[in-house]
Amino acid sequence: MTPRIVELQTRDFSAFAEYLNDHISDNGAEGQPLFQPIARIDCHFAGEKAAGFRRALDVVPPNPGWRRAWVALSGEDRIVGHADLRAHPAPCMEHRCLLGMGVHRQWRRSGLGQRLLNAAIEWAQADQQMAWIDLQVIASNHAAVRLYERAGFTGAGLVQDCFRVDGRQVDYLSMALPVQAR
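For the sequence shown, this note's numbering begins at 3 and goes up steadily by one.
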């Protein structure tokens, strides 16, 4: 069954938090690529991080601190992927947003990431104020980089040795996608 993609509602946030905790547990584990610059011991979604995400869903764009998210629901409405857009923290960047996304381990390389990415891009294109989607990705996460390139994102800069995670040097790649004609 093909998962359906819906906008995340705050009433469904506890299921989302459960999914995201499971998803983050894959970060750099047992041959999995590093997709967040987070040490293994810190790979969890709870506390202020989760509360801040939840609060941001109630903020209406273009107000500072907004966030929108989409989830992929499979079978009995089990979350198997997500994409989110959020406001840049700098006040003069209201015309840009930041992308985050992930796909459950059993659904990777199924095309679901592209569908989630398309939902986020379509939302940004419908917002006349939004001009760019930005993202940062671990440069060695080649599958993610290819996904973003196929969607039209281009490299905006590479920071070598940006992070030291669990004793490894990690390069960070910034990418951007224009969503309105300039």
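Cβ coordinates follow ideal geometry from the N, Cα and C atoms, glycine included.
The structure presented is a predicted model; accordingly, all values stated were derived computationally and were not measured.
Report back the beta-carbon spacing between residue i and residue j to the nearest angstrom; my notes put them in contact at under 8 Å.
{"i": "E9", "j": "R70", "result": "7 Å"}
{"i": "A178", "j": "D136", "result": "5 Å"}
{"i": "V167", "j": "L36", "result": "6 Å"}
{"i": "R56", "j": "T12", "result": "6 Å"}
{"i": "A141", "j": "L160", "result": "6 Å"}
{"i": "P39", "j": "F165", "result": "4 Å"}
{"i": "V105", "j": "F18", "result": "Not really, about 14 Å apart at Cβ, beyond 8 Å."}
{"i": "L149", "j": "G115", "result": "5 Å"}
Secondary structure at residue i, three-state DSSP: helix, strand or coil?
{"i": "F15", "result": "helix"}
{"i": "R42", "result": "helix"}
{"i": "E97", "result": "Here the sequence assigns His to residue 97, which means Glu is not the residue at that position. Note: H97 maps to coil in three-state DSSP."}
{"i": "M78", "result": "A quick correction: the sequence has Glu, not Met, at residue 78. Reduced to three states, the DSSP call for E78 is coil."}
{"i": "G49", "result": "helix"}
{"i": "D86", "result": "strand"}
{"i": "Q108", "result": "helix"}
{"i": "E124", "result": "helix"}
{"i": "L59", "result": "coil"}
{"i": "A153", "result": "coil"}
{"i": "V8", "result": "strand"}
{"i": "V167", "result": "strand"}
{"i": "G159", "result": "strand"}
{"i": "G67", "result": "coil"}
{"i": "G113", "result": "coil"}
{"i": "N23", "result": "helix"}
{"i": "G54", "result": "helix"}
In whole angstroms, give me the CA-to-CA distance for residue i and residue j.
{"i": "R88", "j": "P180", "result": "16 Å"}
{"i": "V172", "j": "V147", "result": "15 Å"}
{"i": "P64", "j": "H84", "result": "21 Å"}
{"i": "H90", "j": "H46", "result": "23 Å"}
{"i": "I26", "j": "D86", "result": "15 Å"}
{"i": "V82", "j": "G113", "result": "12 Å"}
{"i": "Q127", "j": "A133", "result": "8 Å"}
{"i": "S16", "j": "A52", "result": "9 Å"}
{"i": "Q162", "j": "I43", "result": "23 Å"}
{"i": "C99", "j": "A31", "result": "29 Å"}
{"i": "R152", "j": "G169", "result": "31 Å"}
From the DSSP output, read off the bridge partner residues of residue i.
{"i": "V139", "result": "L175"}
{"i": "L119", "result": "Answer by DSSP bridge pairing: none, since L119 is not bridged."}
{"i": "M103", "result": "A85"}
{"i": "V73", "result": "V8 and H84"}
{"i": "P180", "result": "W134"}
I'd like to know if residue i contacts chain C, where contact means its C-beta is closer than 9 Å to some C-beta of that chain.
{"i": "G157", "result": "You won't find chain C in this structure, because it holds only one protein chain."}
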